[in-house]
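According to numbering that gives the first Met the number 0, the sequence shown is numbered sequentially starting from 0.
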Amino acid sequence: MTKRILSGVQPSGKIHIGNYFGAIKQHIEMQDGNECFYMIANLHSLTTVRDKEKLNQLTLDLALDYLAFGLDPKKCTFFMQSEVPQHAECTWILSTICSMGLLERAHAWKDAQEKGKKETTVGLFTYPVLMASDILLYEPDLVPVGKDQKQHIEITRDVAQKFNSTYCETFKLPEPHIPEEVAVVPGTDGQKMSKSYGNTINVFAEEPEIKKAIMGIQTASTPLEEPMETEGCNVLALYKLMATKEEVEALKEKYRTGGFGYGNAKKTLLEKFHEYFGEFREKRIELEKNMDYVYKVLEEGNEKARAQANSVMDRVKAHTGLKIR
Ligand code: TYM
């Protein structure tokens, strides 16, 4: 049965394989047979990126990345969050019913405060309300994301329920779509892959950077001649994402036999990386030569997204008393 799908990615850094396997791969696969909306969440990026040129570039990069991965604008609506003013409008309305406590419990907010790394702005605090608007305006059944976004979808459901019970049935409650095997893609140090941990493998980086990232993956220090542990190995965990079952089994066998070493395991992963992502990387280079096409795709997507968001906003305004006739 056709489902309505909505998701987004922030243009706040280079796309890494955690973003791809954890979310974008599902976005591309779901285009067939579903009604999909995918957004460049550039309003969210303002909480971390404060340079005009940089935000412009990251936005275009993300558009190119998505198209290179196979996003087909004929099959889905691909748009920029900032070009649909209803997101910001809906955020205000939702913020008037969303309790402080709900947002104070958000992991991202608690982390930012504890680490004292990020400046704790009002925008960072209300980030989940903007995300709730992003989702609710499109009435999706499913929101395909990685596990780190699960709480944001729970908050979205809570806010929607609060609105529906305060006024009347207005918003549809979305479900997260998080395939277990890619819920948390590990980084080169074994923690969750994340640009804020500096442990990423960036899909469209130059070859030397990719090689450096892969050859720098942290492993055990088993001597070369001895068998290597297959459980909990970061190299194998990443290889599994790109290789067939038989290839994974063959590599595991080499681990068990010994005399193979982590250097060779990493080289095998590097080769697999290029085999898997090579086509996307080439397509991206081609797309870059035709930026007019990219602008056009986004302009058409923005228009379609505005029409959808507007229809829900009309309902919201009517149900809250903001509309008088
Ligand atoms: P963002 O831009 O940080 O990440 C984009 C997507 O990549 C997933 N992801 C991962 N999945 C598995 N393993 C990892 N190591 C990993 N790292 C990142 C994220 O879970 C996400 O699905 N707030 C969102 C963007 C957003 C959004 C939305 C998403 C804004 N509005 C509405 C869905 C619906 C974010 O910052 O994701």
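All C-beta atoms, glycine included, are put in the ideal place defined by N, C-alpha and C.
Straight-line Cα distance separating V48 from Q56: 11 angstroms
Quick test of the definition: if touching needs 3 or more C-beta pairs under 8 angstroms, does the segment 227 to 238 touch the segment 260 to 269? They touch, by the three-pair rule.
Quick one, which of K288, K171, C232 has its alpha-carbon nearest A220's? Checking the sequence shown, residue 220 turns out to be Ser, not Ala. Answer by Cα proximity: C232.
So is the beta-carbon of V8 under 6 angstroms away from any non-hydrogen atom of the ligand TYM? Because some heavy atom of the ligand TYM lies under 6 angstroms away, the Cβ of V8 counts as near it: yes.
Once DSSP output is grouped into helix, strand and coil, what is the label at T267? Helix at T267.
First and last residue of the uninterrupted alpha helix (DSSP H) at T394: Outside the displayed range of the chain (0 to 324) lies residue 394, so it cannot be described from this structure.
For the segment 237 to 322, which segments carrying the alpha helix (DSSP H) assignment without a break, of at least 4 residues, lie completely within its bounds, in sequence order? 244 to 256, 261 to 287, 290 to 319
For the candidate residues E82, Y275, H176, whose alpha-carbon lies nearest to that of E302? E82
I'd like the span of the alpha helix (DSSP H) that includes E28, first residue to last. 24 to 29
P10 (DSSP reduced to helix, strand or coil): It is coil, neither helix nor strand.
Am I right that M192 and V181 are in contact with their C-beta atoms under 8 angstroms? What's the rounded C-beta distance? Their Cβ separation, rounded to whole angstroms, is 11 angstroms, which puts M192 and V181 out of contact at 8 angstroms.
Segment contact, 8 angstroms Cβ cut-off, at least three pairs: the segment 162 to 176 with the segment 16 to 24: no
If V144 sits next to S11, beta carbons under 8 angstroms apart, how far is it from one beta carbon to the other, in whole angstroms? Contact doesn't hold; Cβ gap of about 15 angstroms is too wide.
Could you check where the beta strand (DSSP E) with D175 kicks off and where it finishes? At residue 175 the sequence reads Pro, which differs from the Asp that was named. Residue range 174 to 176 is occupied by the beta strand (DSSP E) that includes P175.
Taking 6 angstroms as the limit between beta carbons, can you name the residues of its chain near K13, skipping five residues before and five after? N201
Compute the Euclidean distance between the alpha carbons of Y292 and F78, then round it to the nearest angstrom. Each residue's Cα considered, the two are about 14 angstroms apart.
Quick check: is any heavy atom of the ligand TYM less than 6 angstroms from the C-beta of H176? no
Does the distance between the C-beta of H43 and the nearest non-hydrogen atom of the ligand TYM fall short of 6 angstroms? Closer than 6 angstroms to some heavy atom of the ligand TYM: that describes the Cβ of H43.
M29 Cβ short of 6 angstroms to the ligand TYM heavy atom set: no
In its own chain, which residues sit with a C-beta less than 7 angstroms from the C-beta of I154, not counting the 5 before and 5 after it? L101, A105, P127, A131
Contact check, A308 vs H43 under 8 angstroms by CB: the rounded distance? A308 to H43, Cβ: 16 angstroms. No contact.
For the ligand TYM, is there a heavy atom less than 6 angstroms away from the beta-carbon of M334? What is shown of the chain runs 0 to 324, which leaves residue 334 out entirely.
Between which two residues does the alpha helix (DSSP H) holding V128 run? 126 to 135
Can you pull the DSSP bridge partners for K191? K191 is bridged to P185.
In the DSSP assignment, what are the bridge partners of I4? C35, L141
For the segment 92 to 99 and the segment 145 to 152, state whether three or more C-beta atom pairs, one from each stretch, are separated by less than 8 angstroms. Contact between the segment 92 to 99 and the segment 145 to 152 is absent: fewer than 3 CB-CB pairs across the two stretches fall below 8 angstroms.
Contact check, D133 vs K2, beta carbons under 7 angstroms: no
Is V144 a contact residue of the ligand TYM, with contact defined as CB to any heavy atom under 6 angstroms? yes
Around the C-beta of C167, are 16 or more other C-beta atoms found within 10 angstroms, so that it is buried, or is it exposed? Its Cβ having fewer than 16 others within 10 Å, C167 is exposed.
Please name the residue, chosen from A107, E118, E281, Q217, that lies closest to A204 on a Cα-to-Cα basis. E281
The alpha helix (DSSP H) that contains R156, what's its start and end? 149 to 165
For N198, name the three-state secondary structure that DSSP assigns. coil
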